[in-house]
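Residue numbers (this note's numbering): 140 to 394. Okay, structure first, notes after.
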């Protein structure tokens, strides 16, 4: 957790998963998790039942210990007005203070394996368990059915009802991500200018650096005010790579 980007990512994950929390208990020692049926997965858009043999990959997220403290820390180290600005925790310090316990991770992994899923990955901070299996396995494990829905000119898969899991693990699970295909609806907000030909190459304006911080704002020979949250001098952008350098990186002999 050394960079501001990582800190803001933690805040974003808190915001994303904070609404996906165990709801009232479901029958047979299970708990319902809300927020897993997207708005487009409605009867008016229903096309057909999902293919039970299709593969599905997802992540079961475990909540941070003391999530309000995590959010407060992330904001304070990212705010130039805070006395804690820039005083980041090391990854080990963060894990020691806020990571889900190994016992909690083991419980989630054990349940997933018992349902026939293949475990793919769990990061060192124990924030999630990535797994994969079939739609049939997911429907059985999470107590739901899967359908396909027509949305935005394409067909996407989603649970048709809220999911559930054993109450014994639901208390420390903050959400399940990946059971629906909402990610397919996310597109960069970029529009090409009509009739604009592509440039011959992208070239950063000089002065630029051939290596990190070779050139800085001091090389501009102009007076600059210190931007909020930054310390002068700032490094100039890299000049870029030559075609031969790019070919060398990817092991391509010709362009």
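Even for Gly, the Cβ is constructed at its ideal location relative to N, Cα and C.
Short Cβ contact (8 Å threshold) for residue i with residue j
i, j, result
"residue 285", "residue 239", "no"
"residue 317", "residue 198", "yes"
"residue 84", "residue 184", "In the structure displayed, the chain extends from 140 to 394; residue 84 sits before or after that span and is not available."
"residue 194", "residue 273", "yes"
"residue 303", "residue 386", "no"
"residue 223", "residue 215", "yes"
"residue 265", "residue 241", "yes"
Where residue i falls: helix, strand or coil (DSSP)
i, result
"residue 173", "coil"
"residue 143", "Model confidence at residue 143 stands at a pLDDT of 45, short of 50, so the residue's coordinates are unreliable and nothing is read from them."
"residue 404", "Here the chain covers residues 140 to 394 and nothing more, so residue 404 does not appear."
"residue 355", "strand"
"residue 295", "strand"
"residue 249", "helix"
"residue 392", "coil"
"residue 382", "helix"
"residue 168", "coil"
"residue 348", "strand"
"residue 387", "helix"
"residue 327", "coil"
"residue 182", "helix"
"residue 211", "helix"
"residue 194", "strand"
"residue 222", "coil"
"residue 206", "helix"
"residue 244", "helix"
"residue 230", "helix"
Length of the line joining the Cα atoms of residue i and residue j
i, j, result
"residue 200", "residue 383", "43 Å"
"residue 219", "residue 212", "13 Å"
"residue 353", "residue 375", "8 Å"
"residue 253", "residue 261", "17 Å"
"residue 345", "residue 378", "8 Å"
"residue 248", "residue 196", "14 Å"
"residue 269", "residue 356", "44 Å"
"residue 281", "residue 232", "34 Å"
"residue 321", "residue 191", "19 Å"
"residue 369", "residue 187", "54 Å"
"residue 403", "residue 228", "In the structure as shown, the chain begins at 140 and stops at 394. Residue 403 is therefore absent and cannot be evaluated."
"residue 392", "residue 380", "16 Å"
"residue 323", "residue 291", "10 Å"
"residue 226", "residue 209", "14 Å"
"residue 246", "residue 308", "7 Å"
"residue 389", "residue 350", "20 Å"
"residue 319", "residue 181", "13 Å"
"residue 162", "residue 175", "At residue 162 the pLDDT is 46, less than 50, meaning the model places this residue with poor confidence; the figure from the coordinates comes in the next sentence. Their Cα atoms are separated by approximately 12 Å."
"residue 171", "residue 301", "7 Å"
"residue 243", "residue 230", "19 Å"
"residue 313", "residue 178", "20 Å"
"residue 251", "residue 279", "11 Å"
Bridge-paired residues (DSSP) for residue i
i, result
"residue 257", "271"
"residue 201", "312"
"residue 279", "In the DSSP output, where bridge partners are listed per residue, residue 279 has none listed."
"residue 188", "286"
"residue 377", "348"
"residue 262", "Bridge partners of residue 262: none, in fact."
"residue 303", "171"
Any chain C beta carbon closer than 8 Å to residue i
i, result
"residue 281", "Absent here is chain C; the protein component of the structure consists of one chain."
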